Structure formats: C-alpha cells, structure tokens
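S.K.:
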Amino acid sequence: MSKKTQPIKKNSNEDSPEEIMRKSIENSHKSAPCSRRDGNCCAPKSANISNKDKNTYQELGLTKNDLIRALKNMMMARYTDEKHLTLVKQGKSYFHIGGSGHEAVQTAVGFQLDSSAWGWTYYRDLAFVYSRGFTPKDYFLLAFGKKDDPATGGRQMPGHYGHPKLNLPTQSSPTGTQFLNAVGTALASKKLGTNEIVYVASGEGTTSQGEFYEAVNWASRDKLPVIFCIQDNGYAISVPKEKQSMGEGVGHTFCCYQNLKMLTFDGTDYLASVKAAKEAIEYINSGRGPVLMHALVERLLPHSWGFP
143 MSKKTQPIKK NSNEDSPEEI MRKSIENSHK SAPCSRRDGN CCAPKSANIS
193 NKDKNTYQEL GLTKNDLIRA LKNMMMARYT DEKHLTLVKQ GKSYFHIGGS
243 GHEAVQTAVG FQLDSSAWGW TYYRDLAFVY SRGFTPKDYF LLAFGKKDDP
293 ATGGRQMPGH YGHPKLNLPT QSSPTGTQFL NAVGTALASK KLGTNEIVYV
343 ASGEGTTSQG EFYEAVNWAS RDKLPVIFCI QDNGYAISVP KEKQSMGEGV
393 GHTFCCYQNL KMLTFDGTDY LASVKAAKEA IEYINSGRGP VLMHALVERL
443 LPHSWGFP
C-alpha cells in the first residue's frame, strides 16, 4: 500500500512573487558605484517605478473601459500563444515563439502611444502589435505563410510581425538589428519635424549585442525620440542574465547615460507599466532625449518551439 501523499508545506521564509520582483528592481542598480561625475546619478532617485504608492487607475487618467480594453488585449495575446502552440504540436504550423508573461508592459506602452508612432518590434511583442491594430487574422496569415499576410505575403517566419499601414516594419531574425533601424527612423522623424515617437523592443539577452550599444549611444547623443523597451525575463534563451550581462544587467549599465532617461519597473503590473509609459512619452515629447524602459517580466513558455 502506497503512503498517503503529504501536502507540500510552503517555507515561511520564502519570498512572495511581489517581494521577489521588488528585490529585482532594487538590485538592478546595486552592483557597482555610479560613474557619473556630476553627482546626479538617476538610478537611486528616479529610475525605479512601482505601484507601491497604489496609484489608482483614475490617477493615471484611465477609465474602467480602458482597463477592460487592456485586459481584452492581453487575453487575446495569451490565447493566441496557446492556440498557435497547440497547432505546432499538431503539425499544422511549423514554428512558435511566444510572449506570454510580457503582455502587461506591451499593452501599456502600445495604448499610450498615438497612431503616428513607429514600432520596431521583436518576436515576443504580440500584445504590443495587437494594441496597435494588428489582428489575430493577421497573426495566423503570417503563421501559416499565406499570401495575404500584410507584411511580406507569407515569406516571413511566425513571430516576425509587420504591417505597413500600422507603422510596423517587419523584423529580421538576428536579434539586435531592429535597434539601428529604430534609431534611423527616429533620426528621420527629428530631421523632418514629424514628431513621431519610435518604439523598439528586445529581451535582456539582446542588450549584449553591439547594435544595441551603438543605437543607445547615437540616440542619446542626438536626443532622438526613441523608447528602448527592454523586456527582462531573466534569460537569454537558456542563459541566466547574470551570466550573460555584467553587473545586474541593463538597468544598472545604462542608468547614467547623458540625455537618456532610465526607468526600471515591474512589467507584469499594468498600472506601473502605464505610469512608466506616460513618463517616457512626456520626457521624449519635451525634447530631452530617449528613454530606456527596463521592464521586469516573466517568461511563461519555452524560449521557442524546440527549446527548453
């Protein structure tokens, strides 16, 4: 006779998910002293955004309908991920790479930007492109390689979103190339006086690529209207970020770039993400420079189909 299974007791000293996220945000600026000589280090004073002060949605200028719209967008992205993954397992599609766990920050930024903004997305940005007007039909036209795919007529891989009418250029598979494209778009926006904000995104792992450093340096030097949205889920494919990046990662490395506003926040908290997005857009519209949004998120699926 088998022994009755005993319930697993939770360690009373184990941190809650909220506490783990809070410590991650605090630690993102701890590992090394600030190199800024004028004493105006932005990290400890203004870089961290949380909702611990319990900003209500009304204080952020949102309505109940705004919250419902955001929830629908996030759920649509999550259900699309789940459905596509099922189709791949059934042999009806050939590749999947998902954004489950990243939906809150993507939805927040997407809904705060106006329709003129450009989006240089990456493969986990499904909730962002949905917030810009991309549809499930567009998604599955891409996933199945159909000729009516709005970006490339079915010639792109799944997860490589694009739509000319929505200012969403399609991306390339090598990670990091989108940063230089985004900065070029922002430079054109500034020279032409169109005042179009450019959103560009990646995971933490891609910030090790040279293109990212070039892009941040150029955008900061020329005060370009770019939002660098780094969605940090703790891994670069299967490599933990502490083995991929120096210090505590991008949240510390770039905290004191001149003209660059650095915001670190819980990207799974929708209100904290809205607050960060509003602050980023206000800063860019003032002409002071670009913003690096360091959103701490969770990756709820494998890196992609075929990876652990």
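So the sequence shown is numbered by the working numbering: it starts at 143 and just counts up by one. Using N, Cα and C, we set each Cβ at its ideal position, and we do this for glycine too. Please read all numbers here as calculations on a predicted model, not as lab measurements.
1) Who are the Cβ neighbours of Ser446 in its own chain at under 6 Å, not counting the five residues just before and after it?
2) Please report the distance separating the alpha-carbon of Leu402 from that of Val433.
3) Go ahead and pull the three-state DSSP assignment for Trp447.
4) If you scan the stretch 212 to 294 from start to end, which runs of the beta strand (DSSP E) of 3 or more residues do you find wholly inside it?
5) Assuming the contact rule is C-beta atoms closer than 8 Å, Lys383 and Glu346 should be a hit. Round their C-beta distance to whole Å, please.
6) Hey, quick one: how far does the beta strand (DSSP E) through Gln400 stretch, first residue to last?
7) May I have the straight-line CA-CA distance separating Asp374 from Ala437, to the nearest angstrom?
8) Who are the Cβ neighbours of Gly243 in its own chain at under 8 Å, not counting the five residues just before and after it?
9) Using only alpha-carbon positions, find the residue among Arg274, Ser344, Ser331 and Thr395 that is nearest to Asp364.
10) Would you grab the beta carbon distance between Tyr341 and Cys371 for me? Rounded to a whole angstrom, and I think it's under 8 Å.
11) Below 8 Å, can you find three or more Cβ-Cβ pairs linking the stretch 262 to 273 to the stretch 245 to 254?
12) From which residue to which residue does the alpha helix (DSSP H) around Gly352 run?
13) Going by other Cβ atoms of all chains shown within 10 Å of its Cβ, with 16 needed for buried, is Gln313 buried or exposed?
14) Given Ile339, which residues of its chain have a CB within under 7 Å of its CB, disregarding the five upstream and five downstream residues?
15) In angstroms, rounded to a whole number, what distance separates the CA positions of Ser344 and Gly203?
16) If we ignore side chains and look at the alpha-carbon of each, how far apart do Thr205 and Met216 end up?
17) Of the residues His305, Pro300 and Phe286, which one's Cα is nearest the Cα of Pro292?
18) Under 9 Å, do Ser387 and Ser350 count as touching if we go by C-beta distance?
19) Check each candidate in Val416, Ser428 and Glu421 and name the one with the smallest Cα separation from Leu209.
20) Starting from Leu322, follow the alpha helix (DSSP H) in both directions and report where the run begins and ends.
21) Once DSSP output is grouped into helix, strand and coil, what is the label at Ser415?
22) Let me confirm a value: Arg430 is counted as buried when at least 16 other C-beta atoms fall within 10 Å, else exposed. Which label applies?
23) Let me check understanding here. Comparing Cα to Cα, which of Glu224, Tyr236 and Pro316 lies closest to Leu284?
24) Counting C-beta neighbours from all protein chains within 10 Å, is the total for Pro300 16 or more, i.e. buried, or is it exposed?
25) Determine the burial state of Asn207: buried for a count of at least 16 other Cβ atoms within 10 Å of its Cβ, exposed for fewer.
26) Use the C-beta contact count for Gly489: other C-beta atoms within 10 angstroms, 16 or more gives buried, fewer gives exposed.
27) Would the beta-carbon of Tyr303 fall within 9 Å of that of Thr263?
28) Quick check: the Cα distance between Glu421 and Val230, rounded to an integer number of angstroms?
M.R.: On the basis of the supplied data:
1) In the sequence shown, the residue the question calls residue 446 occupies position 304. Taken in chain order, the residues that qualify are Ile239.
2) By one-based count along the sequence shown, residue 402 stands at place 260. By one-based count along the sequence shown, residue 433 stands at place 291. Cα to Cα, Leu402 sits roughly 5 Å from Val433.
3) On the sequence shown, position 305 is the one that residue 447 refers to. In this structure, Trp447 counts as coil in the three-state DSSP scheme.
4) 260 to 262
5) Mapped onto the sequence shown, residue 383 falls at position 241. Mapped onto the sequence shown, residue 346 falls at position 204. Right, their Cβ atoms sit about 5 Å apart.
6) As a first step, residue 400 must be located in the sequence shown, where it is residue number 258. Element bounds for Gln400: n/a, residue is neither H nor E.
7) For the purposes of this step, residue 374 is taken as the residue at position 232 of the sequence shown. For the purposes of this step, residue 437 is taken as the residue at position 295 of the sequence shown. Whole-angstrom Cα-Cα distance: 6 Å.
8) As a working note, residue 243 is residue 101 in the sequence shown. Closer than 8 Å at the Cβ level, and outside the excluded window around Gly243, lie Asn375, Thr410, Val439, Glu440, Arg441, Leu442 and Leu443.
9) Locating residue 364 in the sequence shown gives position 222, where the first residue counts as 1. Of Arg274, Ser344, Ser331 and Thr395, the residue nearest in Cα terms is Ser331.
10) Position 199 of the sequence shown, counted from the start, is the residue given in the question as residue 341. Position 229 of the sequence shown, counted from the start, is the residue given in the question as residue 371. With 8 Å as the limit, Tyr341 and Cys371 qualify as a contact, their Cβ atoms being about 6 Å apart.
11) With the rule of 3 Cβ pairs closer than 8 Å, the stretch 262 to 273 counts as touching the stretch 245 to 254.
12) Here residue 352 is taken as the residue at index 210 of the sequence shown, counted from 1. Residue range Gly352 to Arg363 is occupied by the alpha helix (DSSP H) that includes Gly352.
13) Position 171 of the sequence shown, counted from the first residue, corresponds to residue 313. With 16 or more other Cβ atoms within 10 Å, it is buried.
14) As a working mapping, residue 339 is identified with position 197 in the sequence shown. Shown here for Ile339: same chain residues with a beta carbon closer than 7 Å to its own, the five before and five after excluded, namely Leu255, Ala259, Pro367, Ile369, Ile423 and Ile426 in chain order.
15) On the sequence shown, residue 344 is found 202 positions in, with the first residue counted as 1. On the sequence shown, residue 203 is found 61 positions in, with the first residue counted as 1. Each residue's Cα considered, the two are about 28 Å apart.
16) Here residue 205 corresponds to residue number 63 of the sequence shown, with the count starting at 1. Here residue 216 corresponds to residue number 74 of the sequence shown, with the count starting at 1. Met216 has its alpha-carbon roughly 17 Å from the corresponding atom of Thr205.
17) For the purposes of this step, residue 292 is taken as the residue at position 150 of the sequence shown. Comparing Cα positions, the closest option is His305.
18) Locating residue 387 in the sequence shown gives position 245, where the first residue counts as 1. Locating residue 350 in the sequence shown gives position 208, where the first residue counts as 1. Taking 9 Å as the Cβ cut-off, Ser387 and Ser350 qualify as a contacting pair.
19) Taking the first residue of the sequence shown as 1, we reach residue 209 at position 67. Comparing Cα-Cα distances from Leu209 to each of Val416, Ser428 and Glu421, the minimum goes to Val416.
20) The count along the sequence shown starts at 1 and reaches residue 322 at position 180. Residues Thr319 to Leu334.
21) Numbered from 1 along the sequence shown, position 273 holds the residue referred to as residue 415. The answer is helix: DSSP assigns Ser415 an H, G or I state.
22) Sequence index remark: in the sequence shown, residue 430 carries index 288 (1-based). In the assembly as shown, Arg430 is an exposed residue. Its beta-carbon has fewer than 16 other beta-carbons within 10 Å.
23) Working through the sequence shown from its first residue, we reach residue 284 at position 142. Taking only the C-alpha atoms, the option nearest Leu284 is Tyr236.
24) By one-based count along the sequence shown, residue 300 stands at place 158. Counting other Cβ atoms within 10 Å of its Cβ, Pro300 reaches 16 or more and is therefore classed as buried.
25) Looking up residue 207 in the sequence shown gives position 65. Label assigned to Asn207: exposed.
26) Only positions 143 to 450 of the chain appear in the structure, and residue 489 is not among them; the question remains open.
27) Numbered from 1 along the sequence shown, position 161 holds the residue referred to as residue 303. Numbered from 1 along the sequence shown, position 121 holds the residue referred to as residue 263. Yes. Within cutoff.
28) The count along the sequence shown starts at 1 and reaches residue 421 at position 279. The count along the sequence shown starts at 1 and reaches residue 230 at position 88. Within the model, the alpha-carbon separation for Glu421 versus Val230 is close to 39 Å.
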